[in-house]
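Novice: I'd like to ask you about the structure that follows.
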Amino acid sequence: MPSSASPSYIGRFAPTPSGHLHFGSLIAALASYLDARAVGGRWLLRMEDLDPPREMPGAQAAIVESLQRYGFEWDGEMQRQSDRHDAYEEVIERLLRAGLAYPCVCSRKQLEAHPGAYPGFCRDATNQPTEDAAIRLRVPNLEYGFTDRVQGDYRQHLGREVGDFVIRRRDGLFAYQLAVVLDDAWQGVTDVVRGADLLDSTPRQLYLQELLGLPQPRYLHVPLIIQPDGHKLGKRYRSPPLQPAEATPLLLRALRALGQPTATELSDALPGEVLAWAIPRWNADRIPRTRTLAEAQLR
Ligand code: GLU
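Count along the sequence shown from 1, add 469, and you get the number used in the numbering used here.
As structure tokens, then:
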């Protein structure tokens, strides 16, 4: 366990090393960092390296370096999800034994004919092998919802809108939904602050928490930055990696995007000084209550 002390706030930043950090990741990192530090909380770094085939070579080191250059300081050692396979597997086995999860051998082609919620073909199959099969979690025919600190009430009907979802892929890789829930609980995370693209993953995570008897963290989903062509700012769409030379101006821009104050004298400050200035002034109530922000509107 990373820490034996349990302060009342533990936040985290949990990048996936499929590419470099970009301005959208900076906004998520900055919001989670300031939200933690403003209340004297801990802030952890977790590398979500669940998917080696999609990992960009060198991305882990580049992400760590960007965070350092941008002045972020995390508590304790960075954790890696690739070190946690035994914990994930143990829970998968437990869910299978309890009949709460089941192997699924549906092919991609079969499922393409049924877009939307998984149609449940393998739900009631008996004696399916667990090797060379995906593992799906059986979801209840219920709505799961929560109140996000920025986005407000969010609800989703797991049965109708999501369906039984994959917790271990057919190729043996563990799914994000499972790993994130287990790791947030394992690390004692009290507050999840991340991009609004994950809002619609949260009800699945709430269900997993309930099923496994894990505490439910508070959630704050920050707006996503949308590029002029309507694409979200992400790794797939021409989002430029964070440049060290731009740390101070981009931190100031990220602060403004989050509705926080800045000051002209900060334009000559070091990144760490910008963060130190912003911590006592952080007010999450000022974050725009919207899912997306147009990049063009940001100064
Ligand atoms: N690893 C996810 C990402 O980079 C974030 C997961 C989370 O914050 O829950 O998009």
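Glycine included, every Cβ here is placed at the ideal spot set by N, Cα and C. Nothing here was measured: the structure is a model prediction, and the numbers come from that model.
(1) If we require 4 or more residues per run, which alpha helix (DSSP H) segments fall completely within the stretch 521-563?
(2) Select from 714, 764, 622 the residue whose C-alpha is nearest the C-alpha of residue 740.
(3) Grouping DSSP H, G and I as helix and E and B as strand, with all else coil, what is residue 763?
(4) Taking the beta carbon of residue 686 as the centre, do at least 16 other beta carbons fall within 10 Å, making it buried, or is it exposed?
(5) Write down every uninterrupted run of the beta strand (DSSP E) in the stretch 626-676 whose length is 3 residues or greater and which is fully enclosed by it, in chain order.
(6) Tell me which residues share the same chain as residue 599 and place their Cβ nearer than 8 Å to its Cβ, disregarding the 5 neighbours each side in the sequence.
(7) Let's test the definition: count the other Cβ atoms within 10 Å of the Cβ of residue 652 and tell me whether it reaches 16, buried, or not, exposed.
(8) Keeping to the same chain, check which residues put their C-beta closer than 8 Å to that of residue 761; ignore five residues upstream and five downstream.
(9) Would the C-beta of residue 570 count as close to ligand 2, meaning under 7 Å from any of its heavy atoms?
(10) Any idea what DSSP makes of residue 731, helix, strand or coil?
(11) Assuming residue 632 contacts residue 611 (C-beta within less than 8 Å), just tell me the rounded distance between them.
(12) So, for residue 499: in the same chain, excluding its five sequence neighbours on each side, which residues have a beta-carbon less than 6 Å away from its beta-carbon?
(13) Does the distance between the C-beta of residue 649 and the nearest non-hydrogen atom of ligand 1 fall short of 7 Å?
(14) Quick one: using the 10 Å Cβ neighbour count with 16 as the cut-off for buried, is residue 717 buried or exposed?
(15) Considering only DSSP beta bridges, list what residue 606 is partnered with.
(16) Using alpha carbons as the reference points, say which of 738, 712, 520 lies closest to residue 484.
(17) Kindly examine ligand 1 and report whether one of its heavy atoms sits closer than 7 Å to the Cβ of residue 661.
(18) Rounded C-beta distance between residue 663 and residue 690? I'm assuming under 8 Å.
(19) Taking 7 Å as the line, does the beta carbon of residue 667 fall inside it for any heavy atom of ligand 1?
(20) Taking the beta carbon of residue 674 as the centre, do at least 16 other beta carbons fall within 10 Å, making it buried, or is it exposed?
Specialist: Walking through what the data contain:
(1) 528-538
(2) The residue labelled residue 740 in the question sits at position 271 within the sequence shown. Residue 740 has its Cα closest to that of 714, out of 714, 764, 622.
(3) Looking up residue 763 in the sequence shown gives position 294. Here residue 763 sits in strand by DSSP.
(4) One-based indexing of the sequence shown puts residue 686 at position 217. Per the 10 Å Cβ criterion, buried.
(5) 634-637, 660-664
(6) Along the sequence shown, one-based indexing puts residue 599 at 130. 565, 572.
(7) The residue labelled residue 652 in the question sits at position 183 within the sequence shown. Classification for residue 652: buried.
(8) Your numbering for residue 761 matches position 292 in the sequence shown. Only 665, 692, 693, 694, 695, 701 meet the Cβ criterion.
(9) Looking at this structure, you won't find ligand 2 anywhere; what it does contain is ligand 1.
(10) Taking the sequence shown and counting its residues from 1, the one referred to as residue 731 is at position 262. Note: residue 731 maps to coil in three-state DSSP.
(11) On the sequence shown, position 163 is the one that residue 632 refers to. On the sequence shown, position 142 is the one that residue 611 refers to. That pair is no contact at about 13 Å.
(12) In the sequence shown, residue 499 corresponds to position 30, counting from 1. Cβ neighbours of residue 499 beyond the five flanking positions: 723.
(13) Residue 649 sits at position 180 when you count from the first residue of the sequence shown. True, at least one ligand heavy atom lies under 7 Å from that Cβ.
(14) Numbered from 1 along the sequence shown, position 248 holds the residue referred to as residue 717. So residue 717 ends up on the buried side.
(15) In the sequence shown, the residue the question calls residue 606 occupies position 137. In DSSP, residue 606 forms a bridge with 570, 634.
(16) Within the sequence shown, numbered from 1, the residue matching residue 484 stands at position 15. Out of 738, 712, 520, 520 has the C-alpha closest to the C-alpha of residue 484.
(17) Here residue 661 is taken as the residue at index 192 of the sequence shown, counted from 1. Yes, the Cβ of residue 661 comes within 7 Å of a heavy atom of ligand 1.
(18) By one-based count along the sequence shown, residue 663 stands at place 194. By one-based count along the sequence shown, residue 690 stands at place 221. Right, their Cβ atoms sit about 6 Å apart.
(19) The residue labelled residue 667 in the question sits at position 198 within the sequence shown. True, at least one ligand heavy atom lies under 7 Å from that Cβ.
(20) For the purposes of this step, residue 674 is taken as residue 205 along the sequence shown, with counting starting at 1. Buried: at least 16 other Cβ atoms inside 10 Å.
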